[in-house]
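In this note's numbering, the protein residues as written are 33 to 134.
This is the structure:
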């Protein structure tokens with residue numbers, strides 16, 4: 033899959049603990065020192081991430097957070113043009129991580 037230039041990401045959760053982290057291209061964007069400013073908000077990807085057909089890699093760590101990547105550049109679901117990354121399963125190890133890239 034290739035993300036269009038207007039790709040976006042939404043993080044869904046009400047509050048983070050230290051295990052809940054989101055990275056885009058290896059850089060923390062939520063948790064892990066990046067704060068919680070984008071929690072429950074839809075954000076567009078940086079231009080350099082969507083111009084590269086192999087980017088961005090989105091990595092979600094923890095067992096209480098998910099990220100939805102909207103590939104049409106709109107913060108809404110449309111057929112199969114979104115991908116949800118992450119696990120909301122407290123029975124899994126707190127170090128659980130899941131990644132997605134085109």
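Just so it is clear, CB atoms sit at the ideal spot from N, CA and C, and this is done for glycine as well.
Every unbroken alpha helix (DSSP H) within the region 42-108, with a cutoff of 4 residues, ordered by chain: 79-83
Backbone secondary structure at residue 131 - three-state DSSP: strand
Exposure label - residue 122; buried when at least 16 CB within 10 Å: exposed
Segment contact, 8 Å Cβ cut-off, at least three pairs: the region 88-98 with the region 115-130: yes
Outcome for residue 52 when other beta-carbon atoms lying within 10 angstroms are tallied against a minimum of 16: buried
Residue 92 versus residue 71 - alpha carbon distance: 13 Å
Buried versus exposed, by CB contacts within 10 Å (16 or more), residue 63: buried
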